[in-house]
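As structure tokens, the structure follows; a few thoughts come after it.
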Ligand SMILES: Nc1ncnc2c1ncn2[C@@H]1O[C@H](COP(=O)(O)OP(=O)(O)OP(=O)(O)O)[C@@H](O)[C@H]1O
Ligand SMILES: [Mg+2]
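In the numbering used here, the protein residues as written are 108 to 394.
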């Protein structure tokens, strides 16, 4: 049984893709089997994760072709234990097709029908585009949880948040009553800066328990990792951002209403925390 989580916020550049790929890397280091759906036409995550250029169908085909199943789209990635369903530029055309009522009577429920909980994966992550589009709504409708990344150093971070919360409510009231906010995640956080402190306080005041206690530090390693198409954890597993992503994975796992199998979680969580947060040898990764 998989737990399905969308990473969503229509604000561009707030850290959705960075959160999604590094959370995937942190979770697979905790021995979870992860599936990553890249629902963004920019396909940044696909470019970072895939081992070779496109060969099999991606999210576009999964949505548009009724004969294509999830298993037809699975692609291995550079990260052991992480499978990918690719995004590509063709996702830009999905929006118009979904608006044809004769073909898609419930246009926001197409992915939900294909990405079932009953799989061999433990966690399914959806990276979403910077828009409140039908694709984003499809990802939300196929999810049990949503993580909302917010850039902590920007006074514009709250703009559009009500629209996002309205969309989440619409999805919940129409096709996915189980959709819950796992948490708001502050990204590019620098606790020494007044503006970051102020935004963090505002987020805590507004979201209370739905504000994740983990924050992701502003990090040059994150930018350098992206430049060489690596996750931060691959680039430098001891840097501050790597520690943050491990802490995020641990917080995500502990916040789930139906916890993942404890036989797999407890020793691995303990091991990962011990190894990543100290100077111990690299974390062992299962094949
Ligand atoms: N912790 C961090 N520290 C410094 N830079 C970061 C951090 N996280 C992300 N970035 C940078 O911010 C930029 C935007 O990040 P990212 O692509 O993850 O955002 P996004 O929300 O997915 O963007 P889009 O809306 O275009 O899909 C990237 O250049 C990335 O390297
Ligand atoms: Mg992105």
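Glycine included, C-beta positions come from ideal geometry on N, C-alpha and C.
Helix, strand or coil at residue i according to DSSP, with G and I counted as helix
i	result
residue 429	Beyond the ends of the chain as shown, which are 108 and 394, falls residue 429; an answer cannot be given.
residue 110	strand
residue 263	coil
residue 119	coil
residue 258	strand
residue 320	strand
residue 293	strand
residue 233	strand
residue 360	helix
residue 222	coil
residue 287	strand
residue 253	strand
residue 227	coil
residue 346	coil
residue 277	helix
residue 313	helix
residue 244	helix
residue 301	helix
Buried or exposed (CB count within 10 angstroms, at least 16 for buried), residue i
i	result
residue 188	buried
residue 157	buried
residue 108	exposed
residue 308	exposed
residue 147	buried
residue 183	exposed
residue 302	exposed
residue 186	buried
residue 315	exposed
residue 164	buried
residue 219	buried
residue 257	buried
residue 190	buried
residue 283	buried
residue 162	exposed
Residue nearest to residue i in terms of C-alpha spacing, selected from the options
i	options	result
residue 124	361, 367 and 339	339
residue 274	253, 111 and 142	253
residue 223	301, 176 and 287	176
residue 215	171, 182 and 228	171
residue 149	194, 163 and 118	194
residue 313	283, 292 and 326	292
residue 221	198, 180, 185 and 258	180
residue 238	120, 366 and 320	120
residue 268	116, 111 and 145	116
residue 118	209, 351 and 262	262
residue 320	346, 290, 347 and 345	290
residue 167	144, 160 and 366	144
Contact set for residue i: own chain, Cβ-Cβ below 8 Å, skip 5 residues either direction
i	result
residue 343	328, 332 and 349
residue 241	201, 202, 205, 206, 214 and 215
residue 260	295, 296, 297, 300, 302, 303, 306 and 325
residue 154	336
residue 322	259, 292, 293, 294, 296, 298, 307 and 351
Residues of its chain near residue i, where Cβ-Cβ distance is below 7 Å and the 5 sequence neighbours each way are ignored
i	result
residue 356	130, 133, 134 and 137
residue 113	233, 235, 246, 247, 250 and 253
residue 370	Residue confidence is low: residue 370 scores 47 on pLDDT, short of 50, so the model does not pin down where it sits. Its coordinate-derived value is still stated next. Hits under 7 Å: none found.
residue 363	110
residue 122	256, 258, 294, 295 and 323
Same chain, Cβ closer than 6 Å to residue i, neighbours up to 5 away in sequence not counted
i	result
residue 279	286
residue 354	321
Sequence ranges, beta strand (DSSP E) only - wholly within the segment 121-188, length at least 3 | 141-145
Which runs of the beta strand (DSSP E) spanning at least 3 residues fall entirely within the segment 185-214, listed in chain order?
-> 189-192
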